[in-house]
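Some notes on the structure that comes next.
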Amino acid sequence: MRGELLATRGRVIAIAAVLVFASVSPLFVDEFSVLVLNQCLIWGVLALSLDLMLGYTGMASLGHAAYFGTGAYATAIMSATYGASFGEAFLVALIAAAVVTAICALVALRASDVYFLMITFALAMLIWGLAYRWDSMTGGENGIAGIDRPLIMEDTITYYYFTLVVAAGVFLFFSVLVHSCFGKTMVGIRESESRMRALGYNVWLHKFIIYMISGIFSGLAGFLWVYYNSYVAPTDVELVTSFNALLMVSLGGPGTLAGPLLGSTIFVILDNSVNMFTERSLTVVGCIYIVVVLFAPEGIMGFIKQLRTKVGETDNG
Amino acid sequence: MEQEAHQGSNGSAACLKVEGLGKHFGGLVAVNNVDLVVENGERRGIIGPNGAGKTTFFNMIAGELDPTHGKVHLYGEDITRLPTHQRTHLGMARTFQITNLFPNLSVLDNVLLAAQALEKSKFSMLRTIKSHRHIYQKAEEMMGKLNLWDMKNLIVKDLSHGYQRQIEIALALVENPKVLLLDEPTAGLSPAESAEVVSLLKELDAEMTMLIIEHDMDVAFELVDKLMVMHEGEVIADGPKEEVRANQTVQEIYLGHD
Amino acid sequence: MIRKRIVFLVVPLAFTLAALLAAGPALAAKGPIKIGLLTSKKGVLAKHGSDQMNALKVFREKFGDKVAGRDVKFFIEDNESKVALAVTRVRKMLTRDKVHIAMGGLFGSTGYAIAPLADRYKTPILIWSCPDDISKRKRKKYAITYFSCSQPMHAFAHWVRTAMPNIKKVITIGPDYAFGYESTGGFQQVFEDMGGKVIQKMYMPINTVDYGPYIGKLRKDADALFLTLAAAQGLRLPKQLKEAGLANKYVILGNGTNTDEFVIDAQGDEVLGWISALIYSADIQTKDNQDFVKAFVKHAKKDPGYYAEGYYGGLRLIYKAIEVVNGNVEDKDKFFAALKNLKVAKGMPAGPRASDGHGTFKMNVYVRMVMKDETGKKRNKVLAVIPNVSQFWNYKPDEFMKKPPYSRDYPPCKNCAK
Amino acid sequence: MTFWLTQIFNGISYGAIVFLLAMGLSLIFGVMKVINVTHGTYFLVGAYFGLTTLKQTGNFFLAILIGGIAIAIMGIVIERVFLRRLQGNDLGQVLITMGFVLVLQDAILVIWGPDPVSMDAPKFLASTGRIGGFSFPMYRLFLIVFAAVTAVALWFFESRTKVGSSVRAAVDDVEMAGGMGVNVPVVFSLVFGLGSFLAGMSGVLAAPWLGIQAGLDFEILPFAFVAIIVGGMGSLKGAVVASLLVGIIDNLGKTFFPEFAYFTLFLPMAVILAIRPSGLFGRAM
Amino acid sequence: MTDNGPMLKVDDIHTYYGDSYVLQGLSLEIAEGQVMAVLGRNGMGKTTLIRSIIGFTKPRTGKISFDGADITALQPHEIVSLGVALVPQGRRIFPSLTVMENLLLGEKEGAAGSGEEPWDTDRVLTLFPRLKERLRNMGNQLSGGEQQMLAFARSLMTNPKMLLLDEPTEGLAPLLVRAMGETLSKLKESRLAILLVEQNMKFALAACDYVHVLNRGRVVHSSTPDELAANEEIKSRFLGV
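Chains as they are written, first to last, in the numbering used here: chain A, 28 to 344; chain B, 16 to 273; chain C, 301 to 718; chain D, 8 to 292; chain E, 162 to 402.
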C-alpha cells in the first residue's frame, strides 16, 4: 500500500514538474523553441493515441497518418475552403476522423498480427491517394495553404498554451482511461484475447472502441497540426508520418503514457536540429530506427524501469 | 428416443443439447456427428485419448470454433452460431486446458477482469474497477473461497502452475455461471493439488451444470455422474460412469489395459 | 526513492532546455546581415537543390560575404522536397535565425505555403518559385516573387503564334499542381487570344511513373504538344513519348523546365528539336552569362540551368537591395521597398530586371530549341529573345486581375469537346 | 479498338514491372512474415548498380544481372545480421526496414549524387513495333516477355525442385521444416536473396523506361504492396494475377477518372480486403 | 563410438517454454536399438523433452549428446542430419506439399555401416501401402490416419539412427494402433533407437524395452515395462490410471 502511494506521489510530482517546465519555459526561450515545443505536444498527442492501440491493446497500426491526415485535411478544408470558424473546424475534424476511423476499423479488425499491420498500412495508402489526387477537395499536390488561426490565438505563445492545455487534457483523460474499467479490458485483450472472449467480453467491440478513440484523438492531433502549420499537404499523410509516430512510441516506451510524450519530444527536437550539424540527417534518423528496434525494444521508459529495478535491488541488498 | 427418456426421467428440461455436431479440417474429420444431452445440474464427463476430438467438440460448444454441421442448444435456445461472449451472458463459462490467463497482470486484476465481464460498467472509461464496490466484493469473495486473497498483488506469470490452474477456475466461477465447461481442470497438477481442485469442484453449487473433459480417470469418476467416451471424433460410449467403465471397447482403446 | 525519480525526470528536461537555449540566438545589436536560403537536398528535387547550392558558391566567390560594408551570413535550410516541411524550415529561419530576408522555394505550391510567413514575421521573402498569384491577387506585404510562372509562357505563346503560324491546335500536358496550371494557363490564355486552339488538356501527378494511359489518350489531330514537365517527368515522358512512336508526330513545345540544364544531360536524343521558353538558357551569348557559365562549370562540371541562374540572380537582387538601403536591413519596410522597386541592368546572367511594381519583375524571355553543338552536347539554343516581359504580358493589370487565377479549370478548355 | 488495345497493353507492361517487384516482396512475406518496406529502395539501388555496370561494360543484360546480384547480397546481409534476430517481432521488423530505407536513400545521395539519370536500352529494344494499326514500344513487349519467363521460372523452381518444396514447407511450418532436416537459415537467406534479386533486377529493367531518380522507390512501392495484398501474400499465382490487375486498373483509372487515379487502385484493394483479408489467392489466416 | 556409450544422452537439462519452467533437471539415456518409452500426464514436459532434443526449444542449461556429439546448441536441421528423426505430435504434415513431396523433403542417404537396406520411397511405401494411392494428393487432403502414416514415413526417409515419436497413436483406430506396434518392432530389429512419448500406456508398454515416467519436468520412475505395469502406485500417482 505504501509503495503504491509512494509511486503515485512520485508520478504526481513528475507530472507536475513536466507541466511546470512546459508552461514556464516558453517565457524564457526564443520563438522557434516555442514552435518546436509546440510540435512536440502535437506529435505527442498523436503518439499517445497510437500507444493506446499499440502499447495498451497490442494492436500495431501502420497507418495512423490516415486518421491524423483526415483530421488535418478536414480542418484545412473547413477553414480555408468554407471559411469555417475554429470551433466548427474542430467539430468537423473530429467527426471526419471518427467516420474514416470507423470505416477503416471495420475492415482492419477482420485481421490480426502481421496482417493487421499490412491492412492498416494499405488503408493509409488509400487515404493518402485521396489527399494526393482528389484535387477539387484537397488541392492535390498543392496542398491547402492559408489556414489562419483565430485572432486571439494568432500569437505563437498563445497557440502553444492552447495546445498545451489540449495535450494536458488528452494526457489526463488517457491516464484516467487506462486505469478505468475499460482501460483494464484493453490490457486484458493484449494479454489474452481468447480468455477475454470466454469471460464474456465482446472483444471485437472493445477493439473497435479503442480504435475509434485512437483514431479520433489522432484526428485531434491533425487538427492542432494544421492550425500550427497553416498548411497541409499530402506529405503530412504519407507513410513516413505513420512510421514516425510508431518510432516515437517505440522510442519512448509502448504501454506507458510518459513514453510517447518523451519519444515525440526527442524525435521532434532531433528532427529540427540534426540538419544543423550534419548533411546526413537521413542516416541519423535511419540509425535511430535501427538502434531502437535492436537495443531498446521497450523504449526509454522500459530502460528506466529496468534501471530502477536494478537500483532498487542494490538498495535492498 | 434416448433424449426423451432423459428428459422424462427428471422432468427437467435439457440444459445443453447437441445434435449431430461435426467439424472438418480439410480432409481431417476432427469431430463427426456427435449428439449429447446434458440436463440441468448434471455433471457430465467427456473422456477419450488425445486427438479424439474432445477439445474440438468442447470449443464448438464454447463458441471458439464454428461447427461444420450440427446444432448446439442452451436452455432450448439455438446457440450454434452465437459468438463466445454472448454465450457467457446466457450463463456459460469455461476454463482452458492450457492455462490462459493475463500473465502480466496481478491475480486481483485477473479476477476483477472476470468479475466485471458481464457488468455494464466494463465500458466505463472514467472509473476504476476497484471503485465499483460490488465487483470488487465479488472478486474478493471468490478469491477468499479459493485462498487466493493473500497473493492478490502478485503477478500471475510469477506463480506456480498449481496456483495458475486455480486462478483458471476462479476466473470461470466468479460470474456464477449456470453451466461450467471445464477443459482438463487438473492438467499438470500434482496428486495433492489435483485432489484440492477436485474437492473444490465438488463443493460448488449442486445446481451448476458441468461438462468436464478429463484425462485423469480418477478425477473424472469422482466428479461426474455420466461419461461420454470419444474416439476418432465419434462417440463410442455414453452413459452412467460404471456402465461406461465396464464397456469392452472403452477398456480396449482408452484405458489401455485388457 | 522520490528524489531518484525526480532526478530521472529533471535531468532529461534540463538537457532539453539547455539544448534549446544553447542553439538559441545570442543576439548582438548589429551583427551580420542574415540571409536565409531554402533549398532541397533530398527527395525528387535534390538535383535542383544541388544546382542552387553550386550557384551560391559561384555567387559568394564573385561578390563575397560582404555587402554595403556589412558582413553577410547565409542560413541554409533543406526542405527535403516536401512543401509542408518548407513551412517549418522557413519559420525556423525567421524565428530562430532571425534572418533579414529569406529566399527559396521549389514547386509553385511552396510559394503559396510560405508567403503568409513573410507577413506574419514581417520579414521580406523573395519567393523563388514562381507562384503567379502572390504577385497578383494574393499579394503579401513582405513577399515578392522572382518571376511569375505564366510570365514566360504568355510571351512564348505569342512567339509561337507569330513564328509558327501553322501550329493551330495544341494539346497541353502538365503536372497537377500550381506550376502546371500556371504554365499551361499562361500559354493557353495568349495562344487562344491569338486565334489558336487548345484541344485537349491533361494534368498528371508529378510522381506518375507510367505515362502510358495519358499518351494513349492523346488526340491525333493536334499540331503540337505543349508540355510542362517538373522533376523526373522530364526523364520519363520524353522517353515514353518516343517509345509510343509519337516523338515525331507532334511539334513539341513547352516550358523551359522540360529540358533545363539540370536534366538535359540525362535526357536522350528524343528531346532534340524541342522548343521551349524560359527566363534563362545557358546558351545566352552575353558576357555576363558567359562569365557565369564558366564559373559555374568549374564547380558543378556541368552547365547552369534556370535553377542555378535563378538562385544566383535572386541573390544578386538581394545584394542590390541591401546596397540601396546602405546595409540598413533592420528597417524592414525600407529594405523591402528597395527590393520591390529594384532595377538591375548589369551583372545578371539572364539580362536586366526591373520591378513591375506589382510584386515581381519584368525580364527577358528566351525561346530555345534543343540542338547539339559541335561536341555533340545537347544545348538550349536561343532562337529568340523577347525583352522586358511583364507578368501581365500586354494585358492591362487591373483587367487581368479581375479574371480568375490560372487553375485546373481556368482558362476553360472551350475547344476540348470532340 | 486500338485505343483499348493500347491501354490494356500498357497496363500489362506496367503490371510486368509491378509483378517482378511484388513477387520478391511476396516471397519474403510468405516465408518470413516480414513486411519489407525497404523493397522499393532495393529496386532503386538495383537500378543504380545496373547503371554503373552499363557504363563500365556497355552490356545491358550484364547490368540486369549485376543489379540483381548486388541487391541480393545486400538483402542477405540485412536479413542475416538484423532481421533474423527479430523473428516473431513483426513491428520491429517493419520499423527496422524503414530505418534501412532512410540509410540507403542517403547512401544513394552520397554515392550516386542527386542527379536524375536515365539508362538506354539496347538499340534493338528501343524501337516501336507495329501490328496493323496497333503500335507498341518494343521495350514494353520485352518487359512482358521477361516477366512471363521469370514467372514460369519461379513456378518451376517452386513446384518442381527440391529447394522449391523446402521453401513451401517453410511457408507452411517453419519449425517442422527444420525438424525434417531443411536448413531453415539457408532457406531464409535464399528466399530473402531471391526476393531482393528480383527487386534489384526489376529496378534495372525499369530504368530505361522510368529513369532513375531519388524518390522513385516510394513512387513504385505502393503498387507492389497493392499487388501482394490483392493477390495474397506468398502466392505466385496471386502475384501474377494481381500485378496484371494493378497495371490494368491503374491504366484505366488514370484514363477515365484522373482525379481518383489512386483511389481507383486502392479502392478495389480495400474491398477485397474487406471480403477476403488474405487476398484473392492467399491462404486464410 | 556408439558401441561405447549410449546413442542419446540427455544430461540434467532445464528447459523453459516462454515464462514457464518445464523441464527441471531431466536426464535419460537411450542405447542403440533400444525402444524407450516416456510416459506422463499432459503438461509434464513430454513434448518439451522431444522439442529440446530436436532443437526446437533449446535447454537453458544441461547437455544433450547424440552419437558422441554435443547437439545441445545445434540447429534442428543439423541435428536431423546427424541421424535424429521426428514424428511430431499432431503430425504437422505440410499442407501445400503433395504426399510425394512430403516424403522427398527429408530424403537423405542413411548412415553407412548399419548393413541395413536404406529407406527410400519404395521401401517406405511398402511399409505404408496406403500412401501409395495418395502420392499426388496435397498434405491437407489426407485423413488423420493417413497423415500419421505419412508423418512416420517421411521421418524414415531421412534414414535416421534414432526416431523421436511424439504420441504416434494419437487419434488412431485400434487396428492402426496395432499396425503401428508392428511397425515399431520391425524398426527395432534394424537397430534403430526409438524414443516414444505416449499417453497410450498399453501401447507404450508393449512396444518398449524400458520406460521412464515424467512428472513436472523430472523423471520420477524408471523401470522395465513389466515392473511399471505391476506398480499400481506409480501408475495411479503419476499416470492417473
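Backbone N, C-alpha and C define an ideal beta-carbon position, used for all residues, glycine too.
- Under the DSSP assignment, Phe227 (chain E) falls in the beta strand (DSSP E) whose first and last residues are 222-227.
- In terms of Cα proximity to Gly215 (chain A), the closest of B:Leu127, B:Ile61, B:Val194, B:Arg142 is B:Leu127.
- Within chain A, no residue has its beta carbon less than 7 Å from that of Lys634 (chain C); the closest one is some 24 Å off.
- Tyr238 (chain A) sits away from Ala111 (chain A), with the two beta carbons spaced by 9 Å or more.
- Listed along chain C are Ser409, Asp476, Tyr477, Pro505, Ile506, each with a C-beta nearer than 7 Å to that of Glu168 (chain A).
- Contact annotation: Gly279 (chain A) and Met328 (chain A) have beta-carbon atoms nearer than 9 Å.
- Phe201 (chain A) counts as buried, since at least 16 other C-beta atoms from the protein chains shown sit within 10 angstroms of its C-beta.
- With the criterion set as a beta carbon lying under 8 Å from some beta carbon of chain D, the members of the stretch 268-281 of chain A are Phe270, Leu273, Leu274, Ser277, in sequence order.
- Interface annotation, Ser291 (chain A): not in contact with chain C, CB-CB separation never under 9 Å.
- With contacts defined by Cβ atoms closer than 9 Å, Ser581 (chain C) and Asn507 (chain C) do not form a contacting pair.
- Under the 9 Å criterion on CB atoms, Ala246 (chain D) is classed as non-interfacial with respect to chain E.
- Counting only residues of its own chain and dropping the five nearest sequence neighbours on each side, Arg102 (chain B) has a CB closer than 8 Å to the CB of Ala77, Gly78, Leu89, Ile94.
- Interface annotation, Thr445 (chain C): not in contact with chain A, CB-CB separation never under 9 Å.
- DSSP lists C:Ile335 as the bridge partner or partners of Phe374 (chain C).
- Residue pairing from DSSP places Thr135 (chain D) in a beta bridge opposite D:Pro144.
- Each residue's CA atom was taken as its position, placing Ser655 (chain C) and Asp432 (chain C) some 15 Å apart.
- Taking a cut-off of 8 Å on C-beta distances, the stretch 621-633 of chain C touches the stretch 359-375 of chain C, as three or more cross pairs fall below it.
- The beta carbon of Lys436 (chain C) is closer than 6 Å to those of Met701 in its chain, skipping five residues each way along the sequence.
- The closest CA to that of Ala455 (chain C), considering only C:Pro711, C:Asn694, C:Lys594, is found on C:Asn694.
- Rounded to whole angstroms, the Cβ separation of Arg653 (chain C) and Leu615 (chain C) is 13 Å, and the two are not in contact under 8 Å.
- Among the residues of the stretch 317-347 of chain E, those with a Cβ less than 7 Å away from any Cβ of chain D are Thr319, in the order of the chain.
- Along the stretch 151-181 of chain A, going in chain order, the ones with a CB nearer than 7 Å to a CB of chain C are Tyr159, Arg160, Asp162, Gly167, Glu168, Asn169, Gly170, Ala172, Gly173.
- As summarised for the stretch 357-422 of chain C, the continuous beta strand (DSSP E) elements at least 3 residues long and confined to that stretch are 370-378, 401-404, given in chain order.
- Leu226 (chain A) belongs to the set of residues whose beta carbon lies under 9 Å from a beta carbon in chain B.
- Between Leu356 (chain C) and Ile333 (chain C), the gap from beta carbon to beta carbon reaches 9 Å or more.
- In the three-state DSSP reduction, Cys716 (chain C) falls in the coil class, being neither helix nor strand.
- Contact residues of the stretch 245-263 of chain E toward chain D are Leu247, Pro249, Arg253, Phe255, Pro256, Ser257, Leu258, Glu262 (C-beta to C-beta distance below 7 Å).
- Under the DSSP assignment, Pro652 (chain C) falls outside any beta strand (DSSP E); it carries neither an H nor an E label.
- Looking at the DSSP output, Asn376 (chain E) bridges to E:Arg379.
- When only Cα atoms are considered, Leu201 (chain D) and Leu27 (chain D) end up about 11 Å apart.
- Of all residues in the stretch 292-321 of chain A, only Glu306, Arg307, Ser308, Leu309, Thr310, Val311, Val312, Gly313, Cys314, Ile315, Tyr316, Ile317, Val318, Val319, Val320, Leu321 come within less than 9 Å of chain D when Cβ atoms are compared, listed by chain position.
- Between the alpha carbons of Phe89 (chain D) and Ala246 (chain E) lies a distance of about 31 Å.
- Taking 8 Å as the upper bound for CB-CB distance, Thr222 (chain E) and Tyr178 (chain E) are not in contact here, some 15 Å apart.
- If the five residues before and after Lys145 (chain B) are omitted, its C-beta is found closer than 8 Å to the C-beta atoms of Leu127, Tyr151, all from its own chain and listed in chain order.
- For His104 (chain B), there is no enclosing beta strand (DSSP E); the enclosing alpha helix (DSSP H) covers residues 99-104.
- Listed in chain order, the non-local C-beta contacts of Ala41 (chain A) below 8 Å within the same chain comprise Ala285, local neighbours out to five positions each way being set aside.
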